Amino acid sequence: MSLLEPEGVAGLPGSPDSRVVTAGRVRGMGAFLVAIAVLAALAFGVATPAGAHATFTLGAPPAVAVAPLEMSVRFVAVVCALVCAALGVLLVARRGARGSYLIFSLGVVAFVWSFLTWAARGTDLNFVQMLAATLISTTPLVYGSLSGIMCERSGVINIAIEGQFLAGAFLGAMIASVTGDLWLGVLAGAVAGAAFGWLLAFLSLRYGADQIIVGVVIVAFCTGLTNFLTAQVLTPYQATLNSPQTFSPIAIPLVDKIPVVGPVLFDQNVFVYLAAVLVVVVNVGLFRTRWGLRVRSVGEHPHAAETVGIHVLSVRYRNVVLGGLIAGIGGASFTIGSVGEFSSEMTAGLGYVALAAMIFGRWRPFGALGAALLFGFSVSLQSFLAVLNVGIPSPFLAMAPYVITVAVVSGLVGRVRPPAADGVPYRRE
Amino acid sequence: MRLELRGVTKRYGPLVANDHVDLTVEPGEIHCLLGENGAGKSTLMNVLFGMARADEGEVRIDGSPVRFADPGEAVAHGIGMVHQHFMLVPVFTVAENVVLGFEPTRALGFLDRRRARADIRLLSEQFGLEVDPDAVVEDVPVGVQQRVEILKALQRDAKLLILDEPTAVLTPQESEALFAIVRSLARAGRSVLFITHKLKEVLAVADRITVMRLGRVVGTTTASESGESELATMMVGRAVELVVRKGPARPGAAVLEISGLTVVDERGLVAVDGVDLEVRAGEILAVAGVQGNGQTELAQAITGLRPAVAGSIRIDGEELAGATPEAAIAAGVANVPEDRQVDGLVLDMAVEDNLVLDIFDRAPFARHGARDLAAVRSNAERKLVDFDIRAPSVLTPVGSLSGGNQQKVVVARELSRPVKLLVASQPTRGLDVGSIEYVHRRIVEERDRGVAVLIISSELDEVLALGDRVAVMYRGKITGVVDPAAGRDRIGLMMAGAAADPVAPAAPPEAGPPDRPETGAADPPEAGPPACPETGA
Numbered sequence: 001m002s003l004l005e006p007e008g009v010a011g012l013p014g015s016p017d018s019r020v021v022t023a024g025r026v027r028g029m030g031a032f033l034v035a036i037a038v039l040a041a042l043a044f045g046v047a048t049p050a051g052a053h054a055t056f057t058l059g060a061p062p063a064v065a066v067a068p069l070e071m072s073v074r075f076v077a078v079v080c081a082l083v084c085a086a087l088g089v090l091l092v093a094r095r096g097a098r099g100s101y102l103i104f105s106l107g108v109v110a111f112v113w114s115f116l117t118w119a120a121r122g123t124d125l126n127f128v129q130m131l132a133a134t135l136i137s138t139t140p141l142v143y144g145s146l147s148g149i150m151c152e153r154s155g156v157i158n159i160a161i162e163g164q165f166l167a168g169a170f171l172g173a174m175i176a177s178v179t180g181d182l183w184l185g186v187l188a189g190a191v192a193g194a195a196f197g198w199l200l201a202f203l204s205l206r207y208g209a210d211q212i213i214v215g216v217v218i219v220a221f222c223t224g225l226t227n228f229l230t231a232q233v234l235t236p237y238q239a240t241l242n243s244p245q246t247f248s249p250i251a252i253p254l255v256d257k258i259p260v261v262g263p264v265l266f267d268q269n270v271f272v273y274l275a276a277v278l279v280v281v282v283n284v285g286l287f288r289t290r291w292g293l294r295v296r297s298v299g300e301h302p303h304a305a306e307t308v309g310i311h312v313l314s315v316r317y318r319n320v321v322l323g324g325l326i327a328g329i330g331g332a333s334f335t336i337g338s339v340g341e342f343s344s345e346m347t348a349g350l351g352y353v354a355l356a357a358m359i360f361g362r363w364r365p366f367g368a369l370g371a372a373l374l375f376g377f378s379v380s381l382q383s384f385l386a387v388l389n390v391g392i393p394s395p396f397l398a399m400a401p402y403v404i405t406v407a408v409v410s411g412l413v414g415r416v417r418p419p420a421a422d423g424v425p426y427r428r429e
Numbered sequence: 430m431r432l433e434l435r436g437v438t439k440r441y442g443p444l445v446a447n448d449h450v451d452l453t454v455e456p457g458e459i460h461c462l463l464g465e466n467g468a469g470k471s472t473l474m475n476v477l478f479g480m481a482r483a484d485e486g487e488v489r490i491d492g493s494p495v496r497f498a499d500p501g502e503a504v505a506h507g508i509g510m511v512h513q514h515f516m517l518v519p520v521f522t523v524a525e526n527v528v529l530g531f532e533p534t535r536a537l538g539f540l541d542r543r544r545a546r547a548d549i550r551l552l553s554e555q556f557g558l559e560v561d562p563d564a565v566v567e568d569v570p571v572g573v574q575q576r577v578e579i580l581k582a583l584q585r586d587a588k589l590l591i592l593d594e595p596t597a598v599l600t601p602q603e604s605e606a607l608f609a610i611v612r613s614l615a616r617a618g619r620s621v622l623f624i625t626h627k628l629k630e631v632l633a634v635a636d637r638i639t640v641m642r643l644g645r646v647v648g649t650t651t652a653s654e655s656g657e658s659e660l661a662t663m664m665v666g667r668a669v670e671l672v673v674r675k676g677p678a679r680p681g682a683a684v685l686e687i688s689g690l691t692v693v694d695e696r697g698l699v700a701v702d703g704v705d706l707e708v709r710a711g712e713i714l715a716v717a718g719v720q721g722n723g724q725t726e727l728a729q730a731i732t733g734l735r736p737a738v739a740g741s742i743r744i745d746g747e748e749l750a751g752a753t754p755e756a757a758i759a760a761g762v763a764n765v766p767e768d769r770q771v772d773g774l775v776l777d778m779a780v781e782d783n784l785v786l787d788i789f790d791r792a793p794f795a796r797h798g799a800r801d802l803a804a805v806r807s808n809a810e811r812k813l814v815d816f817d818i819r820a821p822s823v824l825t826p827v828g829s830l831s832g833g834n835q836q837k838v839v840v841a842r843e844l845s846r847p848v849k850l851l852v853a854s855q856p857t858r859g860l861d862v863g864s865i866e867y868v869h870r871r872i873v874e875e876r877d878r879g880v881a882v883l884i885i886s887s888e889l890d891e892v893l894a895l896g897d898r899v900a901v902m903y904r905g906k907i908t909g910v911v912d913p914a915a916g917r918d919r920i921g922l923m924m925a926g927a928a929a930d931p932v933a934p935a936a937p938p939e940a941g942p943p944d945r946p947e948t949g950a951a952d953p954p955e956a957g958p959p960a961c962p963e964t965g966a
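These protein sequence lines map, in sequence, to chains A and B. Note that our numbering has the first sequence beginning at 1, numbered continuously upward. Note that our numbering has the second sequence beginning at 430, numbered continuously upward.
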């Protein structure tokens with residue numbers, strides 16, 4: 001019985017959190033924190049010369065100048081290791097699971113801080129730029145995961161996000177380049193994504209085809225098609241067809257003057273702002289409106305929805321097309337949001353990372369946003385580390401976002417509950 | 430509302446599920462539709478509720494003909510349905526479930542939760558349906574979930590309420606509470622169509638009774654005009670034996686000894702909580718309990734399908750906790766699983782292969798790694814005769830047989846090995862009366878051959894009819910082991926978690942008077958053996 005007690009405590013009925021976080025997992029997280037604390041203390045503290053300093057730049061040129069932060073590497077390593085270890089011990093020692101993820105996240109933040117200090121030893125790191133870059137790489141993931149949420153909350157698995165990204169990126173770049181109107185580019189991206197959303201809906205709802213297989217086929221199709229068209233059409237006519245402008249950052253008056261936060265959050269392009277708005281809209285829509293209640297009922301128990309007069313297939317159709325549309329806008333952000341041209345397979349599997357963000361975020365918009373920020377940070381971290389002296393070959397650094405994705409999805413999430421009818425074709429009796 | 434069905438016919442291919450069915454439900458009437466599994470009751474309700482389309486005949490509401498393309502239209506015409514498998518979204522709150530599809534909203538489609546709550550409170554008070562609007566449905570007991578279903582129908586202003594096998598998941602006390610609600614609905618002028626195969630319920634609650642058999646209406650009567658055995662005869666089409674014939678048990682040495690057994694379910698929650706249990710050779714221990722109180726996990730642990738977290742399971746002294754299903758089979762455990770179509774059979778495979786699923790890889794059915802198909806065939810032909818399995822051929826896919834014959838295939842396979850312990854979960858669920866009689870007889874025969882038998886059933890009648898001792902399970906614990914003569918009421922209370930009574934000795938049932946509770950004020954044990962036909966599904 002004693003063996004079971006913690007499980008029983010963590011599994012008290014009634015609190016949704018406790019269902020998911022088991023005592024063993026909390027202890028594991030605690031042990032992990034202690035382990036990385038030891039690593040930080042040894043590798044970043046003891047192994048670093050006493051006099052080594054790192055400088056974090058905290059103000060980008062147009063914003064308010066903030067004095068750079070200069071820190072002793074060894075001192076930071078020791079302090080962060082202590083904080084991290086203390087939080088780890090707290091996780092192991094305490095009873096109950098509430099707030100475990102918050103404590104764990106704080107511990108990881110402490111570790112990452114000491115790691116960054118160590119990586120920037122003897123030089124300086126533009127911290128504000130790194131955070132701003134995090135937001136840029138987070139943005140497509142947010143669109144992708146919101147697309148996934150739209151589809152899966154209604155019970156259809158959208159594994160085709162990657163393909164919808166590519167289609168949106170391609171058509172967005174082309175239309176924006178030809179017409180010179182960036183907003184038409186966004187619209188084109190949205191239409192391209194929605195078209196493939198419709199295809200997924202049509203095949204899997206109308207004909208009951210396996211959703212995963214249809215999704216994979218759409219990705220393969222979009223990859224092949226955009227590769228072919230890039231080689232045959234875009235490259236020969238690069239100047240007219242593949243040279244769109246990009247949205248320039250829009251500073252939001254007043255708030256953009258806040259030190260550190262201003263340049264990171266309030267001096268971004270429309271894609272970033274739209275993503276933020278969408279997170280709120282989808283969240284409110286799903287959990288506060290009639291539409292959301294019906295969508296969720298269809299994703300959880302379509303037969304129950306049907307018996308109260310909800311048309312299951314139309315709800316799913318609509319949501320899958322909307323989901324594709326959102327992914328298409330996210331795709332357009334790759335080309336007309338930052339890079340300024342389409343290149344083959346430029347989405348680099350981020351559609352799947354977005355799906356992982358959706359799962360890690362437990363099919364909730366704000367959860368997905370948090371997860372996307374984590375993955376986005378690892379992407380920007382990797383590009384910033386490449387110029388610092390970390391001593392890790394850059395191909396390995398480039399793996400970081402994917403490694404973190406796998407680690408998070410397999411180890412950290414634990415057992416999460418997807419919508420009960422997720423991926424299950426619906427047939428009337 | 431006055432509902433009339435006239436000549437409703439529904440065919441599925443060559444099968445006529447409803448054959449010119451006539452039925453009238455008067456306003457304020459409690460009308461019971463009685464019939465065996467497969468009699469066509471559910472098909473008729475699907476037609477009535479717009480989930481299936483009738484091939485012939487018409488439905489009239491207050492005299493005017495109607496036709497429903499989907500359930501939404503039926504609801505709009507004042508028909509409400511409480512399905513046997515609740516149509517509730519488990520992760521939604523009570524209020525969300527009640528208003529789904531009928532949501533009060535404010536501007537822009539925002540849900541008006543306050544009004545939803547107020548509406549529910551009003552209805553709850555009006556009909557005595559007590560619920561907490563903010564509770565999450567999966568956290569509340571089944572009886573409350575059923576109230577939510579009824580509220581759902583009432584919130585849509587249902588004038589006719591269809592209840593499909595509403596007591597299948599309730600304790601006897603919860604059933605009584607449901608009957609009270611049904612009566613109060615009828616008093617308020619609403620009509621109730623109560624579908625069931627349990628005779629006792631029909632007699633307790635019905636104003637009028639319509640009996641169906643093989644897709645046809647056999648007759649309409651009232652509770653005062655008929656008794657249990659007449660209804661049973663109408664329902665089955667022949668005189669039915671209302672008892673399980675069995676002599677006194679002659680228990681031998683303990684075969685199955687379980688101590689401190691703890692098992693967790695898929696979600697990691699404790700499902701079986703420190704259970705101690707003993708089954709002797711030559712006796713039937715029946716485990717009673719409302720579904721979902723850990724019985725499934727208990728059976729799975731004994732048969733090796735689910736690991737034990739703590740405790741021990743011994744068969745003739747051999748430890749089986751943590752063993753594989755293969756080891757359990759080798760130790761002499763036979764398993765008739767709860768859901769034969771999922772855990773008992775491979776539906777697409779032939780009868781002959783299903784009959785050797787457990788031992789297809791050893792002699793005489795396989796030699797040197799190759800199957801001996803002739804041996805499989807002759808084995809199957811023998812079993813078809815021995816176990817009275819009605820199949821067109823041994824090559825027929827088992828999925829195309831009737832429920833009763835499917836169950837006989839499972840039983841035939843499991844009893845064809847040397848068996849020390851027979852574990853049978855819901856052995857007669859969904860079977861017709863003939864098959865129920867057969868399966869019961871077979872189980873008693875095994876007992877008399879000296880096999881230890883563990884029956885798990887949520888049908889109290891079956892538990893009382895078969896068990897030599899009755900163990901009651903509630904929330905993963907055994908609340909007590911009693912003599913079946915302790916009576917429905919006491920066992921019913923134990924099923925709802927009432928304190929354990931003095932444990933009955935593992936003695937033959939006729940040994941001495943049944944235990945009485947300490948107060949001595951409880952009801953006397955029921956006279957006579959319990960009835961049989963309602964032990965199905």
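No residue lacks a Cβ here, since even glycine has one placed at the ideal position from N, Cα and C. Quick caveat: nothing in here was measured; it's all calculated off a predicted structure.
Please state the DSSP three-state secondary structure of residue i.
i: Thr235/A; result: coil
i: Gln268/A; result: strand
i: Gly155/A; result: coil
Quick check: is any heavy atom of the ligand COA less than 7 Å from the C-beta of residue i?
i: Gly644/B; result: This structure lacks the ligand COA, and indeed carries no ligand of any kind.
Report yes if the C-beta distance between residue i and residue j is below 8 Å; otherwise report no.
i: Gln574/B; j: Phe531/B; result: no
i: Leu580/B; j: Leu552/B; result: yes
i: Gly324/A; j: Gln164/A; result: yes
i: Ala357/A; j: Leu141/A; result: yes
i: Ala433/A; j: Gly96/A; result: Residue coverage of chain A in this structure runs from 1 to 429, which leaves residue 433/A outside it and unanswerable.
i: Arg543/B; j: Arg489/B; result: no
i: Ala652/B; j: Glu458/B; result: no
i: Glu781/B; j: Ala809/B; result: yes
i: Arg637/B; j: His460/B; result: yes
i: Trp113/A; j: Phe44/A; result: no
For chain B, find out if any of its Cβ atoms is closer than 8 Å to the Cβ of residue i; answer yes or no.
i: His301/A; result: yes
i: Ser100/A; result: no
i: Glu306/A; result: yes
Between residue i and residue j, what straight-line distance do the alpha-carbon atoms span, to the nearest angstrom?
i: Gly423/A; j: Val403/A; result: 26 Å
i: Thr179/A; j: Ala169/A; result: 16 Å
i: Leu69/A; j: Cys80/A; result: 16 Å
i: Ile920/B; j: Val899/B; result: 9 Å
i: Val814/B; j: Val840/B; result: 13 Å
i: Ala195/A; j: Phe271/A; result: 20 Å
i: Arg674/B; j: Pro302/A; result: 45 Å
i: Arg842/B; j: Leu685/B; result: 21 Å
i: Ser380/A; j: Ala275/A; result: 18 Å
i: Pro938/B; j: Val716/B; result: For Pro938/B, the predicted model reports a pLDDT of 40, less than 50, meaning its position is unreliable; a value from the coordinates is still stated below. In a straight line, the C-alpha of Pro938/B is about 16 Å away from that of Val716/B.
i: Ala950/B; j: Ala914/B; result: The predicted model places Ala950/B with a pLDDT of 36, which falls under 50 and marks its position as unreliable; any figure quoted below should be read in that light. C-alpha separation (whole angstroms): 16 Å.
i: Val699/B; j: Glu712/B; result: 29 Å
Under the assumption that residue i contacts residue j (Cβ atoms under 8 Å), give the Cβ distance between them as a whole number of angstroms.
i: Leu622/B; j: Val454/B; result: 6 Å
i: Tyr867/B; j: Lys906/B; result: That pair is no contact at about 34 Å.
I'd like to know if residue i contacts chain A, where contact means its C-beta is closer than 8 Å to some C-beta of that chain.
i: Glu532/B; result: yes
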